[in-house]
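Number 5 in UniProt numbering belongs to position 5 of the sequence shown; there are no gaps in the numbering. We put the beta carbon where it would ideally sit given N, CA and C, even for glycine.
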Amino acid sequence: MADLIHPKAIEHLPMFVTPPGQSDLLFNFVVVFLLLAIFGIGTLYLRLHALPEQMAHGGSKAKFEVVAVLALIALFTHNHLFWIAGLILALVDLPDIWSPLRSIARSLEKMSGREPEPELDAHGHVRVDHPVVPEPAASAVETRVEPTSNDGRA
Numbered sequence: 001m002a003d004l005i006h007p008k009a010i011e012h013l014p015m016f017v018t019p020p021g022q023s024d025l026l027f028n029f030v031v032v033f034l035l036l037a038i039f040g041i042g043t044l045y046l047r048l049h050a051l052p053e054q055m056a057h058g059g060s061k062a063k064f065e066v067v068a069v070l071a072l073i074a075l076f077t078h079n080h081l082f083w084i085a086g087l088i089l090a091l092v093d094l095p096d097i098w099s100p101l102r103s104i105a106r107s108l109e110k111m112s113g114r115e116p117e118p119e120l121d122a123h124g125h126v127r128v129d130h131p132v133v134p135e136p137a138a139s140a141v142e143t144r145v146e147p148t149s150n151d152g153r154a
């Protein structure tokens, strides 16, 4: 080993200096670390970027689509305002204003004596609020139900 070192070099070399012809362990470690760091940071960035979409997934379809479009615009333009707007929209529950208006319209149609028009869903099909469920046939054996008091005792 002593004959491989240049005569003007110091006797004690740092650990990361490798002799000629051997692999550089520090270089290999840094390459692996950098690849893992880039992959990890990219995964974290994309998961954070998809956060508003994941939060809005349980809500209405229209709200989810608007949040998804805002997140996609933010991803392509790198404009954080779109991402923040999508996050706020995903967090806020929008009030349902259409149900009371439909109820008022149905009540007015009944009061005027007109036959109410059937409601259509988003696909143009007649919407059924309460499906007709046939009543079960009376059984031959009747069971008697004992009334219970408020404290749970019979």
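Nearest by alpha-carbon distance to residue i: which of the options is it?
{"i": "E53", "options": "A105, R114, G113, A85", "result": "A85"}
{"i": "V69", "options": "G59, E115, W83", "result": "W83"}
{"i": "Y45", "options": "N28, H57, I88, L75", "result": "L75"}
{"i": "D93", "options": "G58, R47, A71", "result": "G58"}
{"i": "S60", "options": "F33, L108, T43, L91", "result": "L91"}
{"i": "I88", "options": "M55, L25, L34", "result": "M55"}
{"i": "R47", "options": "L25, T77, A71, A105", "result": "A71"}
For residue i, report the span of its alpha helix (DSSP H) as first-last.
{"i": "Q54", "result": "51 to 56"}
{"i": "I104", "result": "98 to 112"}
At the level of alpha carbons, what is the spacing between residue i and residue j?
{"i": "S23", "j": "V30", "result": "13 Å"}
{"i": "G113", "j": "S99", "result": "21 Å"}
{"i": "E65", "j": "I73", "result": "12 Å"}
{"i": "A62", "j": "H49", "result": "20 Å"}
{"i": "D96", "j": "R102", "result": "11 Å"}
{"i": "A9", "j": "M15", "result": "15 Å"}
{"i": "P20", "j": "H80", "result": "50 Å"}
{"i": "L108", "j": "V67", "result": "36 Å"}
{"i": "H78", "j": "I41", "result": "16 Å"}
{"i": "R106", "j": "T43", "result": "51 Å"}
{"i": "L51", "j": "E117", "result": "41 Å"}
{"i": "residue 159", "j": "V32", "result": "Here the chain covers residues 1 to 154 and nothing more, so residue 159 does not appear."}
{"i": "P7", "j": "N28", "result": "28 Å"}
Please go through the same chain and pick out, in chain order, the residues whose beta-carbon is closer than 7 Å to the beta-carbon of residue i, but skip the five residues on each side of it.
{"i": "I38", "result": "none"}
{"i": "L35", "result": "none"}
{"i": "L13", "result": "none"}
Can you list, in chain order, the residues of its chain with a C-beta nearer than 8 Å to that of residue i? Leave out the 5 residues immediately preceding and following it.
{"i": "V17", "result": "none"}
Any chance the CB of residue i is under 6 Å from a heavy atom of the ligand GTP?
{"i": "V32", "result": "In terms of ligand content, the structure shown is empty, and the ligand GTP therefore cannot be addressed."}
Using C-beta distances below 6 Å, list every residue in its chain close to residue i, excluding the 5 sequence neighbours before and after it, in chain order.
{"i": "L26", "result": "F16"}
Problem - Segments assigned alpha helix (DSSP H), at least 4 residues, entirely inside the stretch 54 to 80 - result: Within the stretch 54 to 80, the runs of alpha helix (DSSP H) at least 4 residues long that lie entirely inside it are, in chain order, 61 to 77.
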